[in-house]
Amino acid sequence: MSGLKETLYNKIEEWRPRTQKLLREYGDVVVDNITVAQIIGGMRGVKSLITDISYLDPMEGIRFRGYTLHEVFKQLPKPPDSEMPYVEGLIYLFLTGDMPNDEQVEDVIDEFKKRRTLPRYVYEVIDAFPCCSPPMAMFSSAILTLQRESFFAKKYKTGINKTDYWDPTYEDALNLLAKLPGIAAYIYNKVYKKADPIDSNPDLDMAGNFAHMMGIDKPYDDVSRMHFIIHADHESGNVSAHTGHLVASSLSDPYLAISGMINGLAGPLHGLANQEVLRWLQSLDEKMGGEIPTEDELRQFVWDTLNSGHVVPGFGHAVLRKTDPRYSLQREFSLKHLPNDHLFQYVNLLFKVVPDVLKEQGKAKNPWPNVDAQSGVIQWHYGVREYDFYTVLFGVGRAIGVCANIIWDRALGYPIERPKSITTDMLEKIVNEVLVNHKVKENS
Ligand code: CMX
761 MSGLKETLYN KIEEWRPRTQ KLLREYGDVV VDNITVAQII GGMRGVKSLI TDISYLDPME
821 GIRFRGYTLH EVFKQLPKPP DSEMPYVEGL IYLFLTGDMP NDEQVEDVID EFKKRRTLPR
881 YVYEVIDAFP CCSPPMAMFS SAILTLQRES FFAKKYKTGI NKTDYWDPTY EDALNLLAKL
941 PGIAAYIYNK VYKKADPIDS NPDLDMAGNF AHMMGIDKPY DDVSRMHFII HADHESGNVS
1001 AHTGHLVASS LSDPYLAISG MINGLAGPLH GLANQEVLRW LQSLDEKMGG EIPTEDELRQ
1061 FVWDTLNSGH VVPGFGHAVL RKTDPRYSLQ REFSLKHLPN DHLFQYVNLL FKVVPDVLKE
1121 QGKAKNPWPN VDAQSGVIQW HYGVREYDFY TVLFGVGRAI GVCANIIWDR ALGYPIERPK
1181 SITTDMLEKI VNEVLVNHKV KENS
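Quick note: this note's numbering has the sequence shown finishing at residue 1204, numbered continuously throughout.
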């Protein structure tokens, strides 16, 4: 058993009694109420999911296993001469809750290297896609194709004790995560470069190898490390994480769950927003003939976008109520590495202009930038200009958090997810009853 798996096993054994006690002794304790607005409005803010991998505070932003993003980036071990930590270290942190040392990270890197090789049929499935297929459709299908490899599915068929479900789930999750960068790079080279794939380099870590397979020089390895880590998790209620959790809750294996997660991520209000930002900036740049607009010109462009019924991509959030620390972290990187980049200057200007416009419009609850306002610009700077591909990059990162959650879901025996729906008639009846009771109370 690897060091990671053994530590995880011990953590699971320690944790299980906590969940069992909560359920057995406090199962009836009321945690939250739900309003009509929340039922119609996408269950916003309803506390009804549990995860220990990350927590999103509306004012502070995301914490991974209790650590702020800045602490994560500072404390995780880094490759020599790199600014950004190993992604494999984050995997250790997510699964065990412990900040790993160099040796523990090396152990995970070795595990991942052993699991990287893609079966031939994955390439063939990607090659068989018709021309102009979206890369997210290819990515999701390639993952689905790998489902035949699932240990969990095989073990379930032959019979396995419920308490051991996490073990083949762990094997599936690590096998899949190790393969995702290779799938993504293959799609990129095939679709956009019409080039032969670049062989994996056995000496490199996950993100370093990804940069190598993309054919992009340093510091793109660090850009990839940063990108995968900041996108890895954002607690469990967002569409991609929730989809992964929901699909897995029926005991679908990680391949089925992560393919579903990718499909949820592909929507323009979620993961696709990072490419929408680029598309939107490009259309403005074209209008401006390559000149950086004045603040007034940009303000007008933002208003035009809003008045035409579109959202301003890269701004707003369902939970956050301040600037996303994932945005701030990428901004710090950009100020250091690409301060004079043409598009970065736009992003800077948007930061000055958009929040006030959104406040003036008065609809968005959070007028501040989110992760997507900045990530595409960095990719563009380092030569990945095919912005349809950006959500695939997001997906490689997000799969890490979702897989960690699925392993723990199985370890703690979380059941199939099944909220209750009601009809509009029923909801109106509930509202009427509440109004009548209210009147009776007022008159008595
Ligand atoms: N531009 C224009 N209008 C916005 C807006 C924005 N950036 N953000 C919110 N609004 C609008 C909403 O569309 C909604 O309008 P209606 O009442 O007409 O439906 C109103 O403000 C209230 O929305 P909200 O409660 O503030 O935000 P939601 O929780 O409903 O939605 C989000 C959150 C992210 C979908 C929304 O802010 C948005 O569409 N942002 C732009 C797209 C984007 O950047 N998405 C990426 C988010 C990060 C991620 O998940 O990857």
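Ideal Cβ placement from N, Cα and C applies to all residues, glycine included.
As the structure is a computational prediction, the values presented were derived from the model and not from experiment.
Any heavy atom of the ligand CMX within a distance shorter than 6 angstroms of the CB on residue i?
{"i": "D887", "result": "no"}
{"i": "P1085", "result": "no"}
{"i": "A944", "result": "no"}
{"i": "V1107", "result": "no"}
{"i": "G1205", "result": "The structure shown does not extend to residue 1205, since the chain spans only 761 to 1204, so no value can be given for it."}
{"i": "P1073", "result": "yes"}
{"i": "N1130", "result": "yes"}
{"i": "K1125", "result": "yes"}
{"i": "A1033", "result": "yes"}
Hey, residue i and residue j are a contact pair by Cβ (cut 8 angstroms); roughly how many whole angstroms apart?
{"i": "T856", "j": "K771", "result": "6 angstroms"}
{"i": "E871", "j": "S762", "result": "5 angstroms"}
{"i": "I800", "j": "I1160", "result": "In fact, because the Cβ distance is near 33 angstroms, the residues do not count as touching under 8 angstroms."}
{"i": "R876", "j": "S960", "result": "6 angstroms"}
{"i": "R1081", "j": "M819", "result": "6 angstroms"}
{"i": "I947", "j": "V1144", "result": "Their Cβ separation, rounded to whole angstroms, is 12 angstroms, which puts I947 and V1144 out of contact at 8 angstroms."}
{"i": "R804", "j": "A1033", "result": "So it is not a contact: roughly 18 angstroms between Cβ atoms."}
{"i": "H991", "j": "F1149", "result": "With 8 angstroms as the limit, H991 and F1149 do not qualify as a contact, their Cβ atoms being about 14 angstroms apart."}
{"i": "S1094", "j": "V1137", "result": "7 angstroms"}
{"i": "V796", "j": "V1191", "result": "6 angstroms"}
Taking 7 angstroms as the limit between beta carbons, can you name the residues of its chain near residue i, skipping five residues before and five after?
{"i": "G1050", "result": "none"}
{"i": "V1062", "result": "V1072, V1113, V1114, V1117"}
{"i": "F911", "result": "P928, E931, D932"}
{"i": "S996", "result": "L809, T811, H1002, H1005, N1165"}
{"i": "H994", "result": "S814, L816, I822, A1001"}
Where do the ends of the alpha helix (DSSP H) carrying residue i lie?
{"i": "I810", "result": "Unbroken run through I810: none, as it is neither H nor E."}
{"i": "F1149", "result": "Element bounds for F1149: n/a, residue is neither H nor E."}
{"i": "R985", "result": "980-990"}
{"i": "F824", "result": "From DSSP, F824 is part of no alpha helix (DSSP H) but of the beta strand (DSSP E) over 821-824."}
{"i": "Y786", "result": "763-786"}
{"i": "W1128", "result": "Unbroken run through W1128: none, as it is neither H nor E."}
{"i": "S1019", "result": "1014-1025"}
{"i": "H1097", "result": "1085-1097"}
{"i": "M844", "result": "That residue, M844, is in no alpha helix (DSSP H); it is neither H nor E in DSSP."}
{"i": "K939", "result": "926-951"}
Check whether the Cβ atoms of residue i and residue j lie closer than 7 angstroms to each other.
{"i": "G1076", "j": "D1132", "result": "no"}
{"i": "D1013", "j": "M844", "result": "no"}
{"i": "V865", "j": "P837", "result": "yes"}
{"i": "G1157", "j": "F988", "result": "yes"}
{"i": "Y1087", "j": "Q1134", "result": "yes"}
{"i": "L1016", "j": "Q1121", "result": "no"}
{"i": "L1103", "j": "L1041", "result": "yes"}
{"i": "I1167", "j": "W926", "result": "yes"}
{"i": "M1021", "j": "V1162", "result": "yes"}
{"i": "P1127", "j": "K1119", "result": "yes"}
{"i": "G821", "j": "P1085", "result": "yes"}
{"i": "S1000", "j": "L1029", "result": "no"}
{"i": "D963", "j": "Y846", "result": "no"}
{"i": "Q1035", "j": "Y1106", "result": "no"}
{"i": "I958", "j": "G942", "result": "no"}
{"i": "L878", "j": "K939", "result": "yes"}
{"i": "I1018", "j": "I903", "result": "yes"}
{"i": "T767", "j": "L1172", "result": "no"}
{"i": "M973", "j": "A955", "result": "no"}
{"i": "L829", "j": "L1089", "result": "yes"}
{"i": "V951", "j": "P894", "result": "no"}
Skipping 5 residues on each side, what residues in its chain have a beta carbon closer than 8 angstroms to that of residue i?
{"i": "K807", "result": "V791, D792"}
With respect to the beta strand (DSSP E) encompassing residue i, which residues constitute its N-terminal and C-terminal limits?
{"i": "F1075", "result": "Element bounds for F1075: n/a, residue is neither H nor E."}
In its own chain, which residues sit with a C-beta less than 6 angstroms from the C-beta of residue i, not counting the 5 before and 5 after it?
{"i": "Y980", "result": "A971, Y1142"}
{"i": "L1098", "result": "F1104, H1141"}
{"i": "N935", "result": "R875"}
Is any heavy atom of the ligand FMN found at a distance shorter than 6 angstroms from the C-beta of residue i?
{"i": "H1030", "result": "With respect to small molecules bound, the structure shown includes the ligand CMX and not the ligand FMN."}
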